[in-house]
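Shown next, in structure tokens, is the structure this report addresses.
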Amino acid sequence: MQIQLQIDEQTAQGMYVNMAMLNHNETEFVIDFIYVQPQAPKAVVRARVINSPKHMKRLLHALQDNVA
13 MQIQLQIDEQ
23 TAQGMYVNMA
33 MLNHNETEFV
43 IDFIYVQPQA
53 PKAVVRARVI
63 NSPKHMKRLL
73 HALQDNVA
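Counting from 13, one number per residue, gives the positions in the sequence shown under the numbering used here.
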């Protein structure tokens, strides 16, 4: 099956993050992607992704296959 993706220009540009936090329970994983500015006391969550354990396993395998 082929899926056509649509992406707006702002999303297509991407967003830099330098930290991630992961929380989970038996039915979902929540990953917060965070930008921590040097010498700043605050950090900003730039994106939150919520996913099922099944999809997280696929992501894990994709990362293992592609990160040296």
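Here a beta-carbon is modelled for each residue, glycine too, at the ideal position from N, C-alpha and C.
Whose C-alpha, out of the options, is nearest the C-alpha of residue i?
{"i": "glycine 26", "options": "Asp44, Ala59, Gln49, Met33", "result": "Ala59"}
{"i": "phenylalanine 45", "options": "Ala55, Ile19, Glu38", "result": "Ala55"}
{"i": "isoleucine 62", "options": "His73, Asp20, Glu38, Pro50", "result": "Glu38"}
{"i": "histidine 36", "options": "His73, Asn78, Gln22, Ser64", "result": "Ser64"}
Please tell me whether residue i and residue j are closer than 7 Å, where the distance is taken between their beta carbons.
{"i": "isoleucine 43", "j": "alanine 32", "result": "yes"}
{"i": "asparagine 30", "j": "valine 57", "result": "no"}
{"i": "phenylalanine 41", "j": "methionine 68", "result": "yes"}
For residue i, does the three-state DSSP call read helix, strand or coil?
{"i": "asparagine 35", "result": "strand"}
{"i": "isoleucine 15", "result": "coil"}
{"i": "tyrosine 28", "result": "coil"}
Could you spell out the range, first to last residue, of the alpha helix (DSSP H) harbouring residue i?
{"i": "aspartate 77", "result": "65-78"}
{"i": "glutamate 40", "result": "Glutamate 40 -> no alpha helix (DSSP H), and no H or E assigned at all."}
{"i": "glutamine 22", "result": "21-25"}
Sorry if obvious, but does the Cβ on residue i come closer than 6 Å to a heavy atom of the ligand NAP?
{"i": "methionine 33", "result": "Ligands displayed in this structure: none; no statement on the ligand NAP is therefore possible."}
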